[in-house]
Each structure stands twice: as C-alpha cells, then as structure tokens.
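Novice: Just so you know, the protein sequences line up as chains B and S, in that order.
Just so it is clear: in the first sequence, position 488 is 488 by our numbering, and no numbers are missing.
Just so it is clear: in the second sequence, position 448 is 1017 by our numbering, and no numbers are missing.
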Amino acid sequence: MVIDLAQFALYALLVTTTAIALGAWMDIVLARPRTDHPVFARVDGVLCRSAGIDPAAEQNWLQYAAAVLAFNLAGALVLYAILLTQAAHPFNPQHLPGLSPWLAFNTAISFMTNTNWQAYGGETTLSYFSQMAGLTVQNFVSAATGIAVGVAVIRGFARRETKTIGNFWVDLVRATVWILLPLAIVVGLALVALGVPQNLMPYTSAETLSGGVQTIAQGPAAAQIAIKQLGTNGGGFWNANSAHPFENPSALTNLIEMWAILALPAAFCFLYGRMVRDRRQGRAIFAAMAIVWAVGLGVTYAAETVGNPLIADVVAGAPANMEGKDARFGIASSALWAVSTTAASNGSVNAMHDSFTPIGSLMPLVNILTGEVIFGGVGAGFYGMLSYVVLAVFIAGLMVGRTPEYLGKKIETKEVKLALLAFFAMPVGILGGGALAAIVPQAVAAVQDPGPHGLTEILYAYASATGNNGSAFAGFGAGSPWHTTAQGLCMMLGRFAYIIPMLAIAGALAEKRTFAPSAGTFPTHGPIFVGLLVAVILVLGGLTFFPALALGPLAEQFAMAAGTTFAVH
Amino acid sequence: MTKHPPLAGPGLFDPALLSHAARDAVLKLDPRRLAKSPVIFVTAIIALLASVYAAFGIGDAPAPLIVQIAAWLWATVLFANFAEAMAEGRGKARADSLRATQAETMAKRLAHPGAPPEPVSSRSLHKGDLVRIDAGDTIPADGEVVEGVASVDESAITGESAPVIREEGGDRSAVTGGTRVVSDHLVVRVTQAPGEGFLDRMIALVEGADRRKTPNEVALSLLLTGLTIIFVLVVVTLEPFAIFSGETIPTAYLLALFVTLIPTTIGGLLSAIGIAGMDRLVKENVIAKSGRAVEAAGDVDTLLIDKTGTITYGARQAETFYPAEGVEIETLIRAARLASLGDETAEGKSIVALAERMGMRGDADRIGTLVPFTAETRLSGIDLADGRLRKGATDAIARWLAADGGALPDDVRDDVERIARAGGTPLVVAQDRRALGTIYLKDVVKPGIKARFAELRAAGVRTVMITGDNPLTAAAIAAEAGVDDYVAEATPEKKLDYIRATQADGHLIAMCGDGSNDAPALAQADVGVAMNDGTPAAKEAANLIDLDSDPTKLMRVVEVGKGLLISRGALTTFSLANDVAKYFAIIPALFLAAYPQLQALNIMRLGSPGSAILSAVIFNAVVIVVLIPLALKGVAYRPMSAAALLRRNLLIYGLGGLLVPFVGIKLIDMAVTALGLA
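What follows is the structure, given as structure tokens:
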C-alpha cells in the first residue's frame, strides 16, 4: 500500500517536473521560435522551403482548418491504400495478405485521428512495412496535428485584434522535428536498451518445454512503441499492447511508457501559461486535470484492491482483483496505467480493462466520456479542455455581475455556440452510436456479455472511438462491417467536430479586444476556478452520461455487491 | 436635489397584479408567443404529447399517474408564463404612471416662426414642427426651445418642485413632453414625435412589447437550447439502452425525465429577469434606451464623475483667513466680511458666517455702497467713506489692484498657492491698493463618499474625478475623496481624449453629462447617462437618461446592471445543479424492474417509482413559482471583489442548487405518498 502510493507520487512528480520543462521547450520551438538561431533557422529553412512553405505567412482559422483537413484526408488515403495493398509491399516476412476494405477504412481513420483503435491484432494482420510506413508515420503526424491545432487554438486565446492564428504547415513541421522526433528517438533507444525488439526478422518458431510449438512475433517494435506512447496514439505493435512482455519487458520500461503517456499532454498546460503570458492560468487548468486524474486513480486503485467479494472465498490469496492483470505490474501499476491512458487519449493498455471491477472500470470510462480533457490527447486534450473553460466561464461568470470574460476577452454568443458544438461530439458519438449498437441485431452480436457488463462493453467501445482514445475494453467484436464503419465515423466525429469549432473559437477570440483585469474580473487562476471547472466537467459530463452509466457499471457494481451475477447467453 | 419618490409600482402580492398575470399566463400559451422561449416551447410540446397519452390511455404506466404528469407539465409551462406576466405587469404599472405624463393635449402649431398658432392634437405632431407654449400649457412633445425664456415645472418627471428655466440656445434648451410652462412663453421645435420620445421607448421596454433579447441573453438562450438538445439525445437513447438491459420504459416516464432535465427553471424565468432588470432601473428614475445599455452598465470598470455635486457639495465653505504681512488678522476678517456682504452666493455667505463665528460683529452700521458680485468682475465689495474693500479670485483682485498701480505681495501669492495645493480655493481681500490677505475656501467633500469609492474599488470599479479646477487643487481633492485618478482643468475635448485613451487600455467607461459639449464624450463612453435637464444633443448621445438629473446615480446604475447579470447567472447555475438530484430520484425508479439493486441510488428513499417521478416533475414546476420573487427582485448586489462574489454565489446557488432539490423532492414525495397520488 505504502509502496503503491509512493509509486503514484513518484509518477506524478516525474510527469509534473518534465511537463514544466517540456512546456518551456515547446514555447521556444512553437510559440516564440528563435528563428535567428543558426541551427533552428537552418532546419526550419530547409524543411519549410523545400516544401514551399513560407514560415512567416500566417493563416486565419478557416485556412488553418482547411489545411488540417486536407493533410489528414491525404494521410488517411495513403494509409488506406497501403493497408489494402499490403501483400504487394516489401518487409512482409509472414506474407500477410491485404486488409479487407472495412478494416482498412477503420484502421486508416483510426490512426489518422490519433485514436489508434485496433479492430485487428498487430502480429497476425500487419506487415512490417504497414507498421513502419503506414502506422508509425500517422503516429507522428496525427500527434503533430494535435500539437499544431492545440498551439493554434492557444494563439487565438493569447492574441488580440488579429485575424491569424499561425500556419498549420509550419506548426506541423516544427512539432514533428523539434518535439516528437527527439523525444521518440530518446525513448525508442531507451526501450531497445531495456529489451524491446527492433528488427525486421521473421517470427521465430520455438518448441516449448511442454512440447508445443510457439510462434514468437517480433519486428521493428521499439520505434513504434516510443511514438505510440508519446503521441497519445496507443495502438500496440502487438495485440496485447503494453501487456505484451516484448512491448513492455520490465518495471522500468513500464515507468518510461507510463511517463510518456502524460508527458506532452500535461506539458500543454504549462505551454499555455507561457503563451498567454500568465502562468497561473496554465497551472489552474493543470490543477483541474490533476484533480480529476487523482480521484479517478484513487477510486480505481481502491476498487481493484477490494476486488470482487463474490470470488473472495473461491480464489486463494488476497481478495484483490488480479484477473486480466500482469503479475509483473500488479494492482497499482495497472490502475495507474488504466487511469492515465484513458485520461490522456492514449489508449495503450498494460492490463485488460474488461476484467476490472465495475467501479474500477467506471473511472477509465468516465475519463473518456468527459471528452478526453483530463490531459487528453497531445494538443487535443487541451483544446478540448478549453471548450469546457468557455462553458464554465459562461455559466458561472455572470455571477460576478459582468458579461463573462476569459483572459480579458468577452465570451459571447459565437463562442458559446462553438463550444456547445464541440461539446455535442461526445454525446452524439457515444449515446447515438451506443444506442444503435444496443438494438441493431448485427451490432449486438458483437457484444460478448449480457446485462450491464455488456452495455459497458458497448459504451466503452463507442466512447473509445469518439474520444479518440483507442483503448479496447475487450469483450467486443469490433471487426464486423457495422462496427468498423460506425466506429470510423465516430472517430472522425470525435476528432474534427472538436478541431473545427475550436479553431473557429480561436479565430473569433483572436479578433477580440482585450479588457484590462481588475478586482471585478472573474478570476480564472485560483482554487475557486479550479473547483468550478472540475464541477462543470463532472456535472455536464455526468448529466449527459449518468443514465447510461447507471445501466452499465453502476448496475453491475450494485448487483455484484448484492450477490447477483449475469449468465452468459 | 430633491429625490423624486420612486415611480409607483405594485407590490409582489398585489391581488390585481396576480390575477392579471394569471390571465396573461394562459394567453401566453399561444404558440407564437411560446416560441420566444425555446425551452418552454419544448416543454409545451412535451406537455401536449403527455396529454395525448393521458387522453387515449396509451402506454404501460398507470393512467392516473400519466394524467398527473401531463397536468404538472402544463403547470410548468403556465408557471413560466406567469413569471413573465408578473414582470410585465409590474413594468406596465410603472409604465402607466410614466404615461400619465404623456396624456394627449392640445398643441398650438406654428406653420413658421411668427405665424398664427393653429390648434392641433399633440398626437398629430411630427418631428421638426414648431409649437408655441404659453404659461399654463403643457409641453406637447420633447423638443428644443428656439425662442423665448420661461420657467417650466418639470416635477411630473423629476419630482423637483422648483420650476427650472428653459431658454433658447445653450445647455438649457431641452424641454420634455408632459412638463408645464409656468410663466412666459416658448416656441419649441419638436425633436421627437409623440410616441417616439425617450419615455415612449422606455414604456415599450418595460412593458415587454418591444423587448429584444440583449446579446448576453441571446448567448444564454443558446446555451439552454444546446443543453435541451443534449437531453433529447440522452432521453431518446435511454430506451435502446433499457431494451438491451431487458426492460422498456413507459414513454410518459421518459417525457417526465426529459422535462425535469432540460433547464426549465432558468428558461422559464429568463425573460422575467430581463424585464425586472429594466424595471429596477425605472424605479431608480433612470430610463434606458435599450436593454443592452443596462448590461453594459454591469461591465463598466471606470466611472467618470464630475467633482461638483457628486464628490463635493456644490458650494465651497470659508475655512480660514490668512493675513498678509503686517496686517492684523482682525483687519482682514472685518474687511472680508464687509466685502462679502454684497455676495449673495453660498460662498459669500459662508465668509460672512465664518467672520461672525470669529466674533466679528457690530459693523453693520458702517455706511457704504455694496458692490454686488458679478460674473464679469468676479469681485464683490463695499465702498466705504474711508476706502474701498474688494474680495475675489486671485487674478481678479490682481487686475483690480493693477488698475490703481498696486500689486499682490509675494507672501500673499505664497498663501494662494498653498491653499490651492491643499485643495482649497483662495480668495484675496484688498483695500484700495493694498492686499490684506487671503480667505481659504474649502471644497467640502461629501461625507461617506470616500468609503463609497473604496467599495467600488474593491468591486473592481475605478473612479475618475472630472473637474475644472487647476491640477493642484484637483490633486488635493482627489486625495481627500479617494478617487483613483482625476482630470483637472477638464474641457469637453480633454474628457473625450481621456475616455479614448482609457478605452484603448482595455477599460469600459461610464460617465454622465448634460451639456451639448458633453455629447461626443457621452457617445464615446460605453455607458453614457444624460441628465434629464440636459440638452437634446446630450440626451441623444447617451444610452441612459436620469430623470432626477442626479450625477451620483451613475453608481446605482452600475449596481443595477451587475444585479441583472448576477440574477441570470445565479439562476442558470441553480437550474443546472438541480438536475443532479432529479437523476437520483428518477433513474432508480425507471430501472426498478431490470436492476432492483439500483435502488442503492435512491438515496432520498422515495416511496415508489411512480411517486419518485411525479415528485421530481412537481418540484420542477413549483421551483419556478418559488423563484419568481428572486427573479423579479434580482439577486442583491453588494460591491465586493469578483472572487468573493463568485465564492459566495457559487456556494448559495451552485451548492444550494445541488442540495435544495434533494430536500424538496423528498418533501413532495412524502406529500404525494400520504395523499396516495402515486
């Protein structure tokens, strides 16, 4: 128990300190680039000019959004083509065939939107070429897209009386070259050093002690794992994701990979504080995120430690819920990973969320349902959080007797409308997609369990897709045409129904004049605001999803407590 | 300034008002009128649906329960209508008392200046018409004096009983329809046709007939509509989830859940809050030309305040005498008193009074010729047998002395400067060619004004004093009154420049003014309050008009604006927080069959599923009625920092909104169960 808590504290400390440093670094390379620095100027100049980009030319929000959409559409098409024609490409020692159009569509959307939902198992479906040239590329650029949009949105909040919010192409290049690549190289090399495979060899066939034959999958894994963790992608090289001993061989790799989940999303808070020239604003948002994260961790850890009372007498040893967990990681590391990977829209797992207790799985689900704003995806989590900030400021800001304002800018009809539009994405995708999945026969067939657990499986799958999380709850056959298509649509909804309104808000705010703060100004940096923001996230999220959650994890938990179980069909 | 008693408005429980509002609430069921409030419109549709279910006995819920749910859903709509009708009713009553001043009169129209007057109805006048008004006539419309000087009784509007002078040209040329000429006659050019004057505009605003939503109100309605859409999604998708869980929910229950979730409380009270805000302003005798102006008043963070009359009393008081070198103080005091006998202004009288307090009496028998104070000489005095005594402003005395070859000695000049630096006004007393000394006239800062400014500062509102005084005097008075900044030797141009510069720094400014030369500044300020006795130009440029012509009103206007915004925010927060308890009431009730274990969520221990749902619906309807007084009176605003205000209101309306319905629903459930209603 004490060791577990120490581990949580160490993790929080590690993430916070590095996030502060990374925030400062991102400010230097993205917000206020030292274009006069010879190295920077050279790299920037070569990369931008060779692509015909003028680093000084800025875009308004519409042009920025158009560039984001064009780039992502092109990326998805390329990936779709690679996956369909997999058999024709090199680096395919297992001679894996091309993917079905359904699966290729789902996977292309999934990696383009930074969701990295996998309706397939990596080692049995994808060639090394598809993994490297297809998925890893999108791992980088989808994360860089998130960073770019995040920075552009922050510019809108920070700037005044201007129309432009940066240049997408420049932000994309700088985010990739100066942030993602260096970090991925360091983390990748560290993982290789710690035993994660990085080769192009065919799978090894080994004879086990019991005489059976085991195929040992391998490949260029370390490079992809590094970026899947850093870029809140989360798509595993192998099916078991970071529960696989090659993806995550030791306690140290586990710590590094967990750190990489939250490092960049958390850094965005501090980047924000620097960009709006009031670090307290960034700290307040960081605090709100950290509070929800910590509460989620506490509840999941407690629930898993208490375990399932119904099997306490059946299973020998501690009553803690070890089902679906790797004995190497135990309760604490599994809970910590589960809560962090769902808080950030990472989606990699080192334990099976399906096997968590109902309340233990409720917190990861709630993290996703809030719209992936508890740190969230790189960049994406932060601009998602800003939509809540706009709503919180608008709802409660009137109570100080002034037109609601944030960072000196008045929050008016346009901003409220756009923030609401962004807020619609999660309910439409999860409740809409989930409701169809609950009654359409060919969709229901994919659900493994009856009763409340089955509903949780549906909710989790659609939350994971719409929230661009990508973690799988399991117990859900995602490969059918119905689900690959519906989830592909949900992933796009969750990505672009946030990006477009948030860029529009940035455009609207950038044009506004700023009013000077005074004692009469709604304070958005103190504990009251942090509390308000947390309350708004939980109340708005709660009001939207409480009925569904009541029929899922809550009903299951109360039933479990009452000794009721639900038989498989 | 005599304060006009607030315009009559009925109390909250005035029976006539209540019965009128009840009738209006039914009339407002007209779909075209309901559509103005989307949330209530949706509620009415749901009520209609529930009624159809009840009438045809559709659905698997007990019929009596469906009937009751439908009835309470209609009640929700009616209560919301009633709230709006109450606000309008109170506004109408006040508007009627305003309108009494606007009764139809006969006017004497002139085809051209000098033409014989032609009698017409005041209602047939147009903008630009010339009318002649004789003593005893009521002025038929707002206008500007183009000929003549007359005293006008404006008590009908301002409550000020003493007649005021209105004359052509200058700052006293505006006349208001409904006021009465007491003496002499005027020729007036109509500037607002009857029915379009400021009063008419205000009447339309408080009556709600011509009420357009303010920007902030539009944004808030949008938020409420957005939340309603989300709850449509929540409730519509609940049935598939229930089916998956092996249960179907009776449609009537889903309708009930939906209405309790959507923000009916704030949706129902929103327009009442807006109307009541305008109404509160009218109660302060301030006319708003738009609802937007009231909201802007809440946002203001800088007040430009005229020194005289607001910060200090209009008249200055003599404080001390400073004799020149070699002059006995008694000589100075005697001379000052005698020289002031011809000065009938409050300042002159205060010099005489001070001299007498200091024991200087019995000189009244001195025979001489009084020289009265005039604006040209700016001197008063007395010519005695043994010499001429004068007192006046430093430069005026210096000129007077110079005419006879005299000059001000340096020590008198030093005293003059010292007095000015201390915030006083120096007057110099001279006899023949010799300066006897100076009188220190003190600007008396109103008691309590410093505390008032400190309050405003704590609430984030800066005060800026505008004065014609020199910078030395201005600085001293500014320090004494505790304003944040001052503009000395203010001219209209200087005021305008100051406003522009301050706005460029990101501040929102309110000011009041009356003269024509104030008009550009009034127009430039974010909130401009024109005095009712000001010129038409000033009134046109301003967005608020103070019928009492009381410059201190600016501070009240800001408070009314803030109160309006706070009421809106507080009820929105309350309304949203309410939903949590409603979930805890309804969700366990809905899924009793599928998951009896969910009764663990029934923390209120409500009697039965039917009673739980009915109680939530009843609470949702009744809470609107309970909150009507709050919506109409507005949440009280006391100046304090935004952080303190937010903490306080979040505690009351946020936490309160979370907890109150748990108690309310439980109580209603006990009653419902006891009466056997469900």
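Glycine is no exception: its CB is placed at the ideal position from the N, C-alpha and C atoms.
Flag B/Lys512 as yes if its beta-carbon sits less than 8 Å from any beta-carbon of chain S, otherwise no.
Specialist: Taking the first residue of the first sequence as 1, we reach residue 512 of chain B at position 512. Not one chain S Cβ lies under 8 Å of B/Lys512.
Novice: Closer than 8 Å is the cut-off here; do at least three beta carbon pairs connect the segment 809-826 of chain S with the segment 442-454 of chain B?
Specialist: Here the segment 809-826 of chain S makes contact with the segment 442-454 of chain B; the two share three or more CB pairs at distances below 8 Å.
Novice: Just checking: is the beta-carbon of B/Ser340 within a distance shorter than 8 Å of some beta-carbon in chain S?
Specialist: On the first sequence, position 340 is the one that residue 340 of chain B refers to. Chain S, which has no Cβ nearer than 8 Å to the Cβ of B/Ser340, makes this no.
Novice: If we ignore side chains and look at the alpha-carbon of each, how far apart do B/Leu262 and B/Ser340 end up?
Specialist: Here residue 262 of chain B refers to the residue found at position 262 when the first sequence is read from its first residue. Here residue 340 of chain B refers to the residue found at position 340 when the first sequence is read from its first residue. If I take the Cα positions, the gap works out to 7 Å.
Novice: Which residue's Cα is closest to the Cα of B/Ile154: B/Gln218, B/Gly188, B/Gln214 and B/Phe270?
Specialist: The residue you call residue 154 of chain B lines up with position 154 of the first sequence. Of the candidates B/Gln218, B/Gly188, B/Gln214 and B/Phe270, the one whose C-alpha sits nearest the C-alpha of B/Ile154 is B/Phe270.
Novice: Of the residues S/Ile1155, S/Glu894 and S/Pro1016, which one's Cα is nearest the Cα of B/Pro547?
Specialist: Residue numbering aside, residue 547 of chain B sits at position 547 when the first sequence is read from its first letter. Closest option to B/Pro547, judged by alpha-carbon separation, among S/Ile1155, S/Glu894 and S/Pro1016: S/Ile1155.
Novice: Please list the partners that B/Thr521 has in chain S, where partner means a Cβ-to-Cβ separation under 7 Å.
Specialist: Position 521 of the first sequence, counted from the start, is the residue given in the question as residue 521 of chain B. Result: Gly1029 and Ala1211.
Novice: If you follow the alpha helix (DSSP H) that S/Pro1225 is part of, which residue opens it and which one closes it?
Specialist: Counted from its first residue, the second sequence places residue 1225 of chain S at position 656. It should be pointed out that residue 1225 of chain S corresponds to Gly in this sequence rather than to Pro. Looking at the DSSP string, the run of the alpha helix (DSSP H) that includes S/Gly1225 is Gly1225 to Leu1244.
Novice: Please check if any C-beta of chain S sits within less than 8 Å of the C-beta of B/Lys417.
Specialist: Locating residue 417 of chain B in the first sequence gives position 417, counting from the first residue. B/Lys417 counts as touching chain S.
Novice: Can you tell me whether S/Met675 is buried or exposed? The criterion is at least 16 other CB atoms within 10 Å of its CB, across all chains shown.
Specialist: Against the second sequence, residue 675 of chain S aligns to sequence position 106. Burial call: exposed.
Novice: For the alpha helix (DSSP H) containing B/Pro481, list its first residue and its last residue.
Specialist: Position 481 of the first sequence holds residue 481 of chain B. Bounds of the alpha helix (DSSP H) holding B/Pro481 are Pro481 to Glu511.
Novice: Would you tell me roughly how many angstroms separate the C-alpha atoms of S/Gly1225 and B/Val536, rounded to the nearest one?
Specialist: In the second sequence, residue 1225 of chain S corresponds to position 656, counting from 1. In the first sequence, residue 536 of chain B corresponds to position 536, counting from 1. Taking the straight line joining both Cα atoms gives about 15 Å.
Novice: Which of the three DSSP states, helix, strand or coil, is assigned to S/Pro574?
Specialist: Here residue 574 of chain S refers to the residue found at position 5 when the second sequence is read from its first residue. Bear in mind that the predicted position of S/Pro574 carries a pLDDT of just 48, short of 50, making it unreliable; the figure below should be weighed with that in mind. S/Pro574: coil per DSSP, three-state reduction.
Novice: Who are S/Phe890's beta bridge partners in DSSP?
Specialist: Counting from 1 along the second sequence, the entry for residue 890 of chain S is found at position 321. Beta-bridge pairing links S/Phe890 to S/Ile1008.
Novice: Using only the alpha-carbon positions, how far apart do B/Leu551 and B/Gly477 sit?
Specialist: Within the first sequence, residue 551 of chain B is the residue found at index 551, counting from 1. Within the first sequence, residue 477 of chain B is the residue found at index 477, counting from 1. Distance between the alpha carbons of B/Leu551 and B/Gly477 is about 21 Å.
Novice: How is B/Thr204 classed by DSSP in three states: helix, strand or coil?
Specialist: Here residue 204 of chain B refers to the residue found at position 204 when the first sequence is read from its first residue. Three-state result, B/Thr204: strand.
Novice: What are the residues of the segment 1164-1180 of chain S that lie near chain B, defined by any Cβ-Cβ distance shorter than 9 Å?
Specialist: Tyr1164, Pro1165, Gln1166, Leu1167, Gln1168, Ala1169 and Leu1170
Novice: Short of 6 Å in beta carbon distance, which residues of its chain neighbour S/Ala639, apart from the five on each side in sequence? Order them along the chain.
Specialist: Walking along the second sequence from the start, residue 639 of chain S turns up at place 70. Correct list, in chain order: Ala619, Ser620 and Ala623.
Novice: Just to make sure I have the definition right: I need the residues of chain B whose C-beta is within less than 9 Å of the C-beta of S/Leu1215. Which are they?
Specialist: Walking along the second sequence from the start, residue 1215 of chain S turns up at place 646. Per Cβ cutoff of 9 Å: Ala396, Gly397, Met399, Val400, Phe522, Pro523, Ile528, Phe529 and Leu532.
Novice: Less than 8 Å between CB atoms is the rule here; does B/Ile439 satisfy it with respect to chain S?
Specialist: By one-based count along the first sequence, residue 439 of chain B stands at place 439. Yes, because at least one Cβ of chain S sits closer than 8 Å to the Cβ of B/Ile439.
Novice: Would you say S/Val1149 and S/Leu1077 are within 8 Å of each other, going by their C-beta atoms?
Specialist: As a first step, residue 1149 of chain S must be located in the second sequence, where it is residue number 580. As a first step, residue 1077 of chain S must be located in the second sequence, where it is residue number 508. No, the Cβ-Cβ distance between S/Val1149 and S/Leu1077 is not below 8 Å.
Novice: Which class does B/Gln59 belong to by DSSP, given the choice of helix, strand or coil?
Specialist: Translated into positions along the first sequence, residue 59 of chain B becomes position 59. Note: B/Gln59 maps to coil in three-state DSSP.
Novice: Closer than 8 Å is the cut-off here; do at least three beta carbon pairs connect the segment 504-524 of chain B with the segment 389-408 of chain B?
Specialist: yes
Novice: Listed in chain order, which residues of the segment 1124-1155 of chain S have Cβ atoms closer than 8 Å to some Cβ of chain B?
Specialist: Residues passing the 8 Å Cβ filter: Gly1130, Lys1131, Gly1132, Leu1134, Ile1135, Arg1137, Gly1138, Ala1139, Thr1141, Thr1142, Leu1145, Ala1146, Asp1148, Val1149 and Tyr1152.
Novice: For S/Pro995, count the other beta carbons within 10 Å of its own beta carbon; 16 or more makes it buried, fewer makes it exposed. Which is it?
Specialist: Here residue 995 of chain S refers to the residue found at position 426 when the second sequence is read from its first residue. It counts as buried.
Novice: Can you tell which of B/Thr145, B/Ala223 and B/Ala119 has its C-alpha closest to the C-alpha of B/Phe71?
Specialist: For the purposes of this step, residue 71 of chain B is identified with residue 71 of the first sequence, where counting begins at 1. The option with the nearest alpha carbon to B/Phe71 is B/Thr145.
Novice: In terms of alpha-carbon separation, which member of S/Leu939, S/Gly738 and S/Pro1016 lies closest to S/Gly878?
Specialist: Reading the second sequence from its first residue, position 309 is the one you call residue 878 of chain S. Ranking the options by Cα distance to S/Gly878, first place goes to S/Pro1016.
Novice: Please decide whether S/Ala788 counts as near chain B, where near means a Cβ-Cβ distance under 8 Å.
Specialist: Within the second sequence, numbered from 1, the residue matching residue 788 of chain S stands at position 219. Output row for S/Ala788: interface = yes.
Novice: So B/Glu412 contacts chain S; which residues on that side make the cut at Cβ distance below 9 Å?
Specialist: The count along the first sequence starts at 1 and reaches residue 412 of chain B at position 412. The contacting residues are Pro784, Asn785, Val787 and Ala788.
Novice: Taking Cβ-Cβ distances below 8 Å as the criterion, which residues of the segment 473-497 of chain B are in contact with chain S?
Specialist: Cβ contacts with chain S come from no residue of the segment 473-497 of chain B.
Novice: By the 10 Å Cβ neighbour count, where 16 or more other Cβ atoms means buried, how is B/Asn167 classified, buried or exposed?
Specialist: For the purposes of this step, residue 167 of chain B is taken as the residue at position 167 of the first sequence. That one is buried.
Novice: Here's the rule: buried if 16 or more other CB atoms are within 10 angstroms of the residue's CB, otherwise exposed. What is B/Glu161?
Specialist: By one-based count along the first sequence, residue 161 of chain B stands at place 161. Burial state of B/Glu161 is exposed, judged by a 10 Å Cβ sphere holding fewer than 16 other Cβ atoms.
Novice: How about B/Phe515: is its C-beta nearer than 8 Å to some C-beta of chain S?
Specialist: Locating residue 515 of chain B in the first sequence gives position 515, where the first residue counts as 1. Interface residue, yes.
Novice: Quick one, which residues of the segment 1217-1228 of chain S are near chain B if we go by CB-CB under 8 Å, in chain order?
Specialist: Listed in sequence order: Asn1218, Leu1219, Tyr1222 and Gly1223.
Novice: So, for B/Thr524: in the same chain, excluding its five sequence neighbours on each side, which residues have a beta-carbon less than 8 Å away from its beta-carbon?
Specialist: Walking along the first sequence from the start, residue 524 of chain B turns up at place 524. Once the five neighbours on either side are set aside, the close Cβ partners of B/Thr524 are Gln281, Ala284, Val389, Val393, Tyr406 and Leu407.
Novice: By the three-class DSSP mapping on this structure, what secondary structure does B/Met132 have?
Specialist: Numbered from 1 along the first sequence, position 132 holds the residue referred to as residue 132 of chain B. Residue state, collapsed to three classes: helix.
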